[in-house]
Amino acid sequence: MSSRNKRRNRSRKERAAQPAARPPQQRRPAPTDDPDFEGFDPDYPFVDVGFDAQGMVDERQLLLLVKDWRKGRATRRLRDVITDAYVAMFTVVVVAAMIISGLLSAQNQASTCTSDGCVTARKLLPWLVVAGLWVGALAISRIFGPIVASAAEGFWLLDAPLRRSSVLARRMWGMIFAAGGVAAVVAALVTVLVGLPLPTVGAWTAAAAFTTAAWMAFTAAEQGAERTIMVRVAQIVVGGVAVVVLVAVIASASGWLSVGLGGTGSFELAIVVAAAGLVLAILASLIARRRLDNVGRAKLITGGELVSGMQGAAFALDFALMRDILIERRNHLRGHVKPARGHWRGTRALVWRDLQRLVRSPGPLVGFLVSLIVPYALESLGVGSLTPILSALIMVAVMVPFMDSMRVLTRTKGLARLFPMTDSELRTATTIVPASLALIWAIVVTPAFLLNLNGQAASVSVSNTLWYGVITAAAGLLGAMRWVSAKSANYNMPMVATGAGAVPPGLMFNLIRGIDVAVLVTAPLVLNWPPIVSAIIAMIAFMVLRSGGINQQELMEKSEEQRKELAAQKEAARGGGGRTRPKQVISRSGTPARTRPPLRK
1 MSSRNKRRNR SRKERAAQPA ARPPQQRRPA PTDDPDFEGF DPDYPFVDVG
51 FDAQGMVDER QLLLLVKDWR KGRATRRLRD VITDAYVAMF TVVVVAAMII
101 SGLLSAQNQA STCTSDGCVT ARKLLPWLVV AGLWVGALAI SRIFGPIVAS
151 AAEGFWLLDA PLRRSSVLAR RMWGMIFAAG GVAAVVAALV TVLVGLPLPT
201 VGAWTAAAAF TTAAWMAFTA AEQGAERTIM VRVAQIVVGG VAVVVLVAVI
251 ASASGWLSVG LGGTGSFELA IVVAAAGLVL AILASLIARR RLDNVGRAKL
301 ITGGELVSGM QGAAFALDFA LMRDILIERR NHLRGHVKPA RGHWRGTRAL
351 VWRDLQRLVR SPGPLVGFLV SLIVPYALES LGVGSLTPIL SALIMVAVMV
401 PFMDSMRVLT RTKGLARLFP MTDSELRTAT TIVPASLALI WAIVVTPAFL
451 LNLNGQAASV SVSNTLWYGV ITAAAGLLGA MRWVSAKSAN YNMPMVATGA
501 GAVPPGLMFN LIRGIDVAVL VTAPLVLNWP PIVSAIIAMI AFMVLRSGGI
551 NQQELMEKSE EQRKELAAQK EAARGGGGRT RPKQVISRSG TPARTRPPLR
601 K
């Protein structure tokens with residue numbers, strides 16, 4: 001008997017040894033068949049339950065539940081992360097010590113300027129700082145909201161039957177206090193830098209914090225009222241005040257304008273401004289809190305999407321991408337424009353497009369005109385040794401909006417390949433308009449480097465000082481070129497081990513790109529070296545930026561082409577003394593050649 005039959009007989013015996021199947025159970029009677037069963041008879045029909053009869057949601061408990069879902073499952077605490085990142089903490093301490101040392105040295109240098117105009121300019125400078133903070137707060141509020149919400153929150157929370165003000169109140173207070181804190185830090189740094197007494201520094205710090213918080217609360221109240229016109233008007237007025245104060249600082253330092261400020265006038269004015277700002281901040285905050293229920297969901301979600309996009313760019317330290325997101329948002333709100341016909345051919349057509357873009361969007365020219373006053377303001381404050389480097393850093397920010405064409409061509413390689421020109425020619429063409437503006441800037445600000453505003457001769461020779469304006473403008477232009485044309489971090493390359501984890505090599509330099517070139521070009525001027533050193537550095541930097549730097553992929557492609565050409569030459573030399581071998585055409589036997597049918601006439 002085979003093994004298969006044995007297994008079959010064994011299975012039959014096992015089934016026969018099992019007990020007989022149980023008889024099918026009888027169906028239990030339904031509850032309605034039981035005479036002792038009593039069903040549930042509600043006192044009201046379910047379909048007639050009104051909204052008032054439903055339970056009200058406790059917004060505080062709901063927010064705590066959302067917080068638990070977001071942060072309650074974290075495996076590490078912030079304390080553990082800070083403990084592991086000891087290298088970063090040590091770096092922060094060292095950098096802070098360097099900044100404090102630089103502030104103290106700058107304060108000592110500024111205190112040496114004891115003329116009436118210089119003292120008056122230092123007392124007017126806090127007004128300029130406060131006005132600048134106001135403009136920044138209003139601009140940020142116009143862009144983002146200032147109160148925002150994510151798409152998930154807008155879908156799950158803002159459409160639910162709950163008090164919207166209870167959900168958004170914490171965010172509103174957070175934005176107001178954050179604006180005040182940032183303004184306090186900036187005002188304290190600037191007032192310490194110009195050498196003001198500590199009581200005056202504290203008073204202006206409080207004034208900047210309270211007034212900036214008041215403007216943020218004002219924008220939140222306008223958001224609740226679904227209005228934007230008042231915020232725009234306030235931004236224009238405050239920007240005009242900032243420009244007027246800047247001109248007053250320069251005029252008072254040069255002796256053109258006399259501002260009657262006593263010894264304690266700056267401190268007393270700061271106390272008055274701080275008190276008024278505190279009162280206005282409280283009133284505006286209360287009004288904004290009452291209007292939170294009226295904030296539209298679409299406005300909140302739009303600002304939240306913008307914040308999410310910028311957070312992704314911020315994680316990569318790609319500030320140029322953040323600016324691209326803001327420009328896309330602005331153009332989306334603007335809608336469409338009337339197209340304009342181009343002129344000329346070749347690279348001149350790109351130059352003409354830059355001119356058309358400048359005429360269509362003249363907004364960046366406002367910042368360019370304001371930057372013309374910066375060297376004069378720095379000289380009037382007695383920090384002339386830092387004027388080249390500070391002016392160059394401001395020029396980097398001013399020149400970036402004029403290089404949108406270079407930004408598009410460097411980020412979109414497919415578009416750049418469509419032009420019958422090399423990358424160097426494209427970059428040169430897109431630099432002509434910004435370079436012309438930089439040359440105008442250099443001519444206008446050269447008197448600030450030649451003479452002090454008090455009429456005394458500068459500490460360096462006139463022949464060297466003539467180059468200061470040109471080199472500073474070139475440093476700002478090159479820094480802007482570096483900022484818009486720098487490549488993003490490559491995550492396919494080997495990572496660098498740090499205390500905060502693995503980081504791509506290019507990611508660490510994204511934070512200082514543009515700034516590095518400006519500092520490198522103007523550093524010899526700060527060290528009182530000959531201007532020819534800065535000129536040589538600027539020429540080398542321009543050549544590198546014009547060529548696009550070192551592209552490893554292009555180098556590998558060129559190396560592969562050269563290798564193929566060399567192999568072809570060797571094969572030709574081996575085949576017939578330098579003569580090329582005839583091309584052999586091999587076809588299958590018996591296969592008729594395919595011919596194209598004749599075209600019909």
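In the UniProt record's numbering, the protein residues as written are 1 to 601. Each residue gets a CB set at the ideal place from its N, CA and C atoms; glycine is no exception. Note that the coordinates shown come from a computational prediction; the quantities given were computed from them, not determined experimentally.
Secondary-structure assignment with DSSP links V496 through a beta bridge to V503. In the structure shown, P531 adopts helical secondary structure according to DSSP, grouped into three states. Taken through DSSP and simplified to helix, strand or coil, V295 comes out as coil. By the Cβ neighbour-count rule, K564 is exposed, with fewer than 16 other Cβ atoms within 10 Å of its own. Contact check for E305 and A151: beta-carbon distance about 7 Å, within the 8 Å limit, so the pair qualifies. The three-state secondary structure of P146, taken from DSSP, is coil.
The DSSP-derived three-state label of R513 is coil. The stretch 411 to 418 and the stretch 466 to 481 do not touch, with fewer than three beta-carbon pairs separated by less than 8 Å.
The Cβ neighbour count for E379, taken over all protein chains shown within 10 Å, is at least 16; the residue is labelled buried.
Around L393, the same chain offers I515, A518 as residues with beta carbons nearer than 7 Å, after the five sequence neighbours per side are excluded. Taking the Cα positions, L566 is about 40 Å away from N510. Taking the C-beta atoms as reference points, W127 is found no nearer than 7 Å to W215. Contact check for A270 against A207 passes: the beta carbons are separated by less than 7 Å.
If only uninterrupted alpha helix (DSSP H) runs of at least 4 residues are considered, those enclosed by the stretch 359 to 411 are 364 to 371, 374 to 380, 387 to 399, 404 to 411. In this structure I471 is in contact with A535, their Cβ atoms being roughly 6 Å apart against a cut-off of 8 Å.
Here R513 is buried: its Cβ has 16 or more other Cβ atoms, across all protein chains shown, within 10 Å.
By the Cβ neighbour-count rule, V238 is buried, with 16 or more other Cβ atoms within 10 Å of its own. Comparing C-alpha distances from V445 to each of S371, R407, A416, L158 shows the shortest one belongs to S371. Y468 and M556 have their C-alpha atoms some 41 Å from each other. Remark: C-beta atoms of R297 and G154 approach each other more closely than 7 Å.
Distances from the alpha-carbon of G277 to those of L418, A242, W344, T205 put T205 closest. Ranked by Cα distance from V544, the options N490, R427, I373, Q61 are led by R427. Out of A497, S391, G506, the CA that lies nearest to the CA of Y491 is found in G506. Residue burial annotation: W441 is buried, with at least 16 other C-beta atoms found within 10 angstroms of its C-beta.
Under the three-state reduction of DSSP, R357 is assigned to helix. Counting other Cβ atoms within 10 Å of its Cβ, T422 stays below 16 and is therefore classed as exposed. M421 carries a coil assignment under DSSP once its states are collapsed to helix, strand and coil. Counting only the Cα atoms, F177 lies some 24 Å from F315. Taking A489 as reference, the option from A313, S266, L157, V167 with the minimal CA-CA separation is A313. When the five nearest sequence neighbours on each side are left out, the beta carbons in the same chain lying within less than 7 Å of the beta carbon of L321 are those of A313, in order along the chain. If you draw a straight line from the Cα of A429 to the Cα of V231, it is about 38 Å long.
For D324, the enclosing alpha helix (DSSP H) starts and ends at 319 to 334.
In this structure, S391 places its C-beta atom within 7 Å of the C-beta atom of P375. The criterion of a C-beta distance shorter than 7 Å is satisfied by A221 and A288.
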